[in-house]
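Peer 1:
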Amino acid sequence: MGASNDRRLATVAVSSDRSLNWKINSFYHSFRSQHMYESPTPVNPETVGAMLPKLADVFNKFKDEKGNFKESLIGDMMGMLGLYEATHLLKHGETTLQEAMTFTTTHLSPIAMANDDLLSNTLTPQIIHALKQPIRKGLERLVARHYIPIYEQDGSHNTALLEFAKLDFNQIQSLHKTELSDISR
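Numbering (our numbering), first residue to last: 30 to 214.
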């Protein structure tokens, strides 16, 4: 599963705790040097908004000569899940992404209902959760809360990223708990 799971887990919050800040900065620079690059042009919402219609055309490579999504995609459930999540970036009038959403939902739903044991132990819960609440339509903290145990079961997980995600989540939970305690006094 690898990098896509790493990106899915990497939600970051700012903390005032010095040791956590040090760990966050250390992890960030290590992760960035291994997995990211600097864009030569600045990226802003207008640029992304202008690019999205063109990006939807990228999904045409998954179609056959009749304009239908290729049946060969059905065998790659992780890929189907990624495609399903990507369809939630669609804007009104993007037929390719709407067709991709219909295609992936049609093929992922039976797996979620059957709770298929043929898939990995981490993939089935991801499919079930994605169909109920796609990542892009969820709150980051709730997505992280749901995904941390799934990621932990993945044999190829990044230990540093997992530790960081748990630290980050627990730190924010502690902050919320303190704030609620202060408010209720």
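C-beta atoms are modelled at their ideal positions from N, C-alpha and C, and glycine is treated no differently.
Which residues bound the alpha helix (DSSP H) around residue 187?
Peer 2: Neither: residue 187 is in no alpha helix (DSSP H) and is coded neither H nor E.
Peer 1: Taking all protein chains shown into account, decide if residue 46 is buried (16 or more other Cβ within 10 angstroms of its Cβ) or exposed.
Peer 2: Any reading at residue 46 is ruled out, since the residue's pLDDT is 47, under 50, leaving its predicted position unreliable.
Peer 1: With H, G and I counted as helix, E and B as strand and the rest as coil, what does DSSP make of residue 206?
Peer 2: In the structure shown, residue 206 sits in a helix (DSSP, three-state: H, G or I).
Peer 1: Assuming residue 161 is part of the alpha helix (DSSP H), what are its boundary residues?
Peer 2: Note, residue 161: alpha helix (DSSP H), 152–161.
Peer 1: Relative to the C-alpha of residue 109, which candidate in 120, 94 and 140 has its C-alpha closest?
Peer 2: Checking every option, the nearest Cα to that of residue 109 belongs to 140.
Peer 1: What residue does the alpha helix (DSSP H) around residue 172 start on, and which one ends it?
Peer 2: First-last of the alpha helix (DSSP H) with residue 172: 169–182.
Peer 1: Closest to residue 134 by C-alpha separation, out of 86, 151 and 162, would be which residue?
Peer 2: The shortest C-alpha separation from residue 134 is found at 162.
Peer 1: Measure the C-alpha to C-alpha separation of residue 165 and residue 95 and round it to an integer number of angstroms.
Peer 2: Answer to the nearest angstrom: the Cα atoms are 30 Å apart.
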